[in-house]
Amino acid sequence: MLNRRESIRQIFKRSVVGSSALALPTMWLPGSGQNGNALADELVKTAHVGEGPFYPDKLPLDTDNDLLIVNESITRAVGEITYLSGRVLSRSGSPVRNAFVEIWQCDSSGAYIHSGSANRENKDVNFQGYGRFLTDSKGRYSFRTIKPVAYPGRTPHIHFGVSKNGKRVFTTQMLIKDHPGNAKDGLFRQLRTKPERDSIQVAFDPIKDSKIGELEANFDIVLGMTPAELDNGTFGGGLGTPDRLRSRG
Ligand SMILES: [Fe+2]
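FYI, the numbering for the sequence shown is -7 to 241, going by our numbering.
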């Protein structure tokens, strides 16, 4: 049987090469954390956090799930390498398959893929800054990226958008569990309850056998909708395009 941490990297490599995660072995069960228990009760819904101003205003040509390598570059982005994975679930725990998961975050110097970003002059050209992944039959997604860093006014975070059938259905921001900046962060402080706050805080753990200090993070996203609602066919429009950008084509 595969060592779980080993398998995360193997699966990631496979998913980068393949078109989706269909080849994932069934033995791998991401999200065995707080949301992974087979509870009869409903799971805690992941707290909504707004999209913010830095969704890429021009998407990169490379949009795969490896944010550390742009196109065929041989130089990797600067930052702490993180294997980020999880599942998209309904509140009853059913996997949401074919969910279009987008992430975007600033590079190690605080610059986004956005013309209005601060620190653009110091941008890490090797950091993709944005990635997308279509969940498999078990609702799973995976990315390789960097551990997020703070920029002026914000605690470290990774933005998430989830779309189904071409319609954005959920947006949030994932924070580093117990990071000292969280308690001072204006958006985080808008979440009033502990379950809400816990739902977006994720541990970044060292991968035990990694010689280069790689990390893993697991973030399950629990939507307040059922798979049936998400598959009801009433949604149309662009692939994951936020409403405010759709008019620009
Ligand atoms: Fe941000």
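Even for Gly, the Cβ is constructed at its ideal location relative to N, Cα and C.
C-alpha distance - residue i paired with residue j, whole-angstrom precision
i    : j    : result
G281 : N174 : Outside the shown range of the chain (-7 to 241) lies residue 281, about which nothing can therefore be said.
S84  : T164 : 20 Å
K156 : D197 : 30 Å
N90  : P144 : 35 Å
G153 : M217 : 15 Å
K159 : A220 : 15 Å
P45  : I192 : 19 Å
Y47  : L222 : 23 Å
F180 : R189 : 7 Å
S65  : L167 : 29 Å
E243 : D49  : What the structure shows of the chain is the stretch from -7 to 241, and residue 243 is not part of that stretch, so it cannot be assessed.
H149 : T67  : 24 Å
F92  : D128 : 10 Å
E208 : P172 : 20 Å
I204 : R136 : 14 Å
S77  : F162 : 17 Å
S202 : H151 : 26 Å
L126 : Y75  : 16 Å
Cβ-heavy atom distance, residue i to ligand 1, below 7 Å
i    : result
R112 : no
R146 : yes
H149 : yes
F46  : yes
Cutoff 7 Å; reference residue i; Cβ partners in own chain excluding five residues on either side
i    : result
D54  : V62, N63 and Q120
D177 : R146 and T147
R236 : Bear in mind that a pLDDT of 47 at R236, under 50, signals an unreliable position, so the number given afterwards is only what the model happens to contain. Nothing listed; no residue qualifies.
A39  : T164, L183, E188, S191 and I192
S82  : V88, L215, M217, T218 and P219
Cβ neighbours of residue i in the same chain (closer than 8 Å, five flanking residues each side left out)
i    : result
S245 : It is not possible to answer for residue 245, since the shown part of the chain is limited to -7 through 241.
Y122 : P48, L51, P52, T55, L59, E94, I95, W96 and I105
S107 : D49 and K50
Neighbour-count burial assignment, residue i, 16 or more Cβ in a 10 Å radius
i    : result
N210 : buried
D58  : buried
I243 : Within the shown structure, residues of the chain are numbered from -7 to 241, placing residue 243 beyond reach of any answer.
S134 : buried
D170 : exposed
A195 : exposed
T18  : Only weak support is given to the placement of T18: the predicted model assigns it a pLDDT of 32, under 50, and the value that follows is read from those uncertain coordinates. Classification for T18: exposed.
D56  : buried
Q97  : buried
R124 : buried
A15  : Low per-residue confidence applies at A15: pLDDT is 35, beneath 50, and the placement is therefore not dependable enough to give any value.
D33  : exposed
S109 : buried
E113 : exposed
T185 : exposed
Own chain, CB closer than 6 Å to residue i, minus 5 neighbours either side, in chain order
i    : result
N111 : S101, G102 and A103
P187 : V36
E206 : I73 and I199
Could you tell me which whole alpha helix (DSSP H) segments of length 4 or greater appear in the stretch 116 to 170?
Complete alpha helix (DSSP H) runs here, min 4: none at all.
What are the start and end residues of each continuous beta strand (DSSP E) run of 3 or more residues lying completely inside the stretch 64 to 113, in chain order?
73 to 82 and 92 to 96, all fully within the stretch 64 to 113.
Please give me, in chain order, every unbroken run of the beta strand (DSSP E) with length at least 3 that falls completely inside the stretch 37 to 62.
Complete beta strand (DSSP E) runs here, min 3: none at all.
Run through the stretch 186 to 219 for me and flag every whole beta strand (DSSP E) of 3 or more residues, listed as ranges in chain order.
Restricted to the stretch 186 to 219, the beta strand (DSSP E) segments that are unbroken, complete and at least 3 residues in length are 196 to 198, 207 to 210 and 213 to 215, listed in chain order.
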